[in-house]
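Visitor: One structure, as structure tokens, below. Some questions next.
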Amino acid sequence: MFDQEIYSNRRSALKLALDKGILLFLGNEESPMNFKDNTYHFRQDSSFLYYFGINEAHLAAVIDLEEGKTIVFGNEMSMDDIVWMGRQKTLKEKCRESGVEDLQPADALETYLQRALKLGRKIHFLPPYRAENKIRLSAVLNITIDQLAGQASVPFIKAVVAARSVKSAEEIKEINKAASISADIHQMVMQTAKPGMTEGQLAAAIQQGALASGGQLAYPAILTVRGEILHNHYYGNTLKEGQMVLNDSGVESAMGYASDLTRTFPVGKKFSAQQKDMYNIVLEAYHQAVNLLGPGTRYLDVHYTSCKTLAQGLKDLGLMKGNIEDAVAAGAHALFFQCGTGHMMGLDVHDMEDLGEAYVGYTDELTKNTTEFGLKSLRLGKQLEPGYVLTVEPGLYLIPELIDQWAAAATFSEFINYDKVNAYRNFTGIRIEDNFLITEKGSELLGKALAKTTEEVEQLREQAF
1 MFDQEIYSNR RSALKLALDK GILLFLGNEE SPMNFKDNTY HFRQDSSFLY
51 YFGINEAHLA AVIDLEEGKT IVFGNEMSMD DIVWMGRQKT LKEKCRESGV
101 EDLQPADALE TYLQRALKLG RKIHFLPPYR AENKIRLSAV LNITIDQLAG
151 QASVPFIKAV VAARSVKSAE EIKEINKAAS ISADIHQMVM QTAKPGMTEG
201 QLAAAIQQGA LASGGQLAYP AILTVRGEIL HNHYYGNTLK EGQMVLNDSG
251 VESAMGYASD LTRTFPVGKK FSAQQKDMYN IVLEAYHQAV NLLGPGTRYL
301 DVHYTSCKTL AQGLKDLGLM KGNIEDAVAA GAHALFFQCG TGHMMGLDVH
351 DMEDLGEAYV GYTDELTKNT TEFGLKSLRL GKQLEPGYVL TVEPGLYLIP
401 ELIDQWAAAA TFSEFINYDK VNAYRNFTGI RIEDNFLITE KGSELLGKAL
451 AKTTEEVEQL REQAF
């Protein structure tokens, strides 16, 4: 946990953002994999962590704005808990470390909320994403599960997003640590991967590195020779000379702060000429995007710059044609770049995605109301501010099924040379990704520098043989 004062100050600032009602925080429960006592790794709700810091299951908390109370609801360890889990700090001690003196039994929460409802008081809650909390909220508030999302408190959401979006010095230190550990793991993978190894062996090494650091993976590692599959969690392929490996993985620190890095490297010692050409297009898009980062810049414009750089590079190779501005405006580049250039990052790898993209990545003035392929997947569009932490991750992805669909319909044939594209149909994909802090004057790379150029990557690959 951070110092007690940090959590107390966060809650004090939140109290000033809303004027009345009860702010309800539901911590997460243990979630069984296949039977009750065989659970997934426990991960506390990030907003609960942000405001209370207690990484323990079966907790809830309220900030009662009118009565001036802050209460944690939960139970001390039973003797059965001690037998199976061992003696730990008491929950009372953990609450005091968070600056909370009022601890009440877990089952007192429903009584507290029901009394407030009878008095006609407003209960503010954040959108629930775990089934257990949806059921609990539905029962307490006497509304159906389907109604929960629509009745989540927008003022509460906006206040939490405003606070969590701007990272403190303590948070940046945690993210820096996570990103540096991830960079070390990425370098280790690039130095050890060889033809004949399986994706699973490399994914296991990544998992080992995360656990050895004292943390966890921030998300399931994407370690694949099929880089065109954006979120590929299959690890059954064997690495072969001539292929590329895409490694998208990041460590979460023991405090819960994420990192999110991607590198693409050849299975052999060298990129092929075709691979190097495509890689350098992505690298140029990365640099153009990074150069724009700074306060006052809309990330939507960073994304468009990245898209136009990718499209120009593809035009130079003969895969695209025509006016690049028009091609990107029409969405023709999305045949090769189907996702967004980046997203916010912090206690979640896609920070606060549970609170709603409309509030985290966009604003009341800049809304995302598009269904356009590619652009609809851009999670961040709003103007950047000092203290924001985000990713930059352009890529090129040649998806045979998508190529066939668009070619059959002659989609954007005025901008795409399908004969040339078809020669690349088995190319797979490339992504380069780093994490950045927005500063008063521009941006700052978080974590250790990691090989990016083809020359730097190939130098590391030499060490694997």
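Counting from 1, one number per residue, gives the positions in the sequence shown under UniProt numbering. By construction, the Cβ of each residue, glycine as well, lies at the ideal position given by its N, Cα and C atoms.
By the three-class DSSP mapping on this structure, what secondary structure does GLN88 have?
Guide: coil
Visitor: If ARG10 sits next to TYR51, beta carbons under 8 Å apart, how far is it from one beta carbon to the other, in whole angstroms?
Guide: 5 Å
Visitor: Can you give me the Cβ contacts of ALA203 inside the same chain, cut-off strictly under 6 Å, excluding the 5 residues immediately before and after it?
Guide: ALA221, LEU223 and TYR235
Visitor: Let me confirm a value: ASN426 is counted as buried when at least 16 other C-beta atoms fall within 10 Å, else exposed. Which label applies?
Guide: Exposed, by the Cβ-count rule.
Visitor: Please report the distance separating the alpha-carbon of GLY267 from that of GLN201.
Guide: Here residue 267 is Val; the residue named in the question, Gly, does not match the sequence. Computed Cα separation, rounded: 14 Å.
Visitor: Between GLY294 and GLY442, which are expected to be in contact by the criterion C-beta below 8 Å, what is the C-beta distance as a whole number of angstroms?
Guide: 4 Å
Visitor: Please confirm if the segment 147 to 164 is in contact with the segment 224 to 244, defined as three or more CB-CB distances below 8 Å between the two stretches.
Guide: no
Visitor: Is the beta carbon of GLY374 less than 8 Å from the beta carbon of VAL282?
Guide: Not in contact: GLY374 and VAL282 (Cβ atoms no closer than 8 Å).
Visitor: Please state whether DSSP places ASN291 in a helix, a strand or coil.
Guide: In the structure shown, ASN291 adopts helical secondary structure according to DSSP, grouped into three states.
Visitor: Given a cut-off of 8 Å, decide if GLY340 and GLU372 are closer than it, judged by their beta-carbon atoms.
Guide: no
Visitor: Could you spell out where the beta strand (DSSP E) holding TYR397 opens and where it closes?
Guide: 395 to 398
Visitor: Look at the Cβ atom of ILE63, then the Cβ atom of LEU119, and state whether they are nearer than 8 Å.
Guide: No, they are not a contact pair.
Visitor: Excluding the 5 residues preceding and the 5 following MET190 in the sequence, name in chain order all residues of the same chain whose CB lies nearer than 6 Å to its CB.
Guide: PHE265 and LEU460
Visitor: Short check: CB of GLY361 to CB of ARG379, under 8 Å?
Guide: yes
Visitor: Could you name each continuous beta strand (DSSP E) segment of 3 residues or more that falls completely within the UniProt domain "Aminopeptidase P N-terminal" (2 to 134), going from the start of the chain to the end?
Guide: 22 to 26, 32 to 35, 60 to 64, 69 to 73, 102 to 104 and 123 to 125
Visitor: For THR70, count neighbouring Cβ atoms within 10 angstroms of its own Cβ and tell me buried if that reaches 16, exposed if not.
Guide: buried
Visitor: Thinking just about the alpha-carbon of each residue, which of TYR359, ASP277, ARG298 and VAL389 is nearest to the one in THR453?
Guide: Checked all of TYR359, ASP277, ARG298 and VAL389; the closest Cα to THR453 is ASP277.
Visitor: Go ahead and pull the three-state DSSP assignment for MET190.
Guide: It is helical.
Visitor: Would you be able to state if there are at least three C-beta pairs under 8 Å between the segment 243 to 256 and the segment 178 to 185?
Guide: yes
Visitor: Kindly indicate which residue of GLU174, ASP354 and ASN133 has the alpha-carbon position closest to the one of ALA60.
Guide: ASN133
Visitor: Within 10 Å of its beta-carbon, does ALA139 have 16 or more other beta-carbons around it, so buried, or fewer, so exposed?
Guide: exposed
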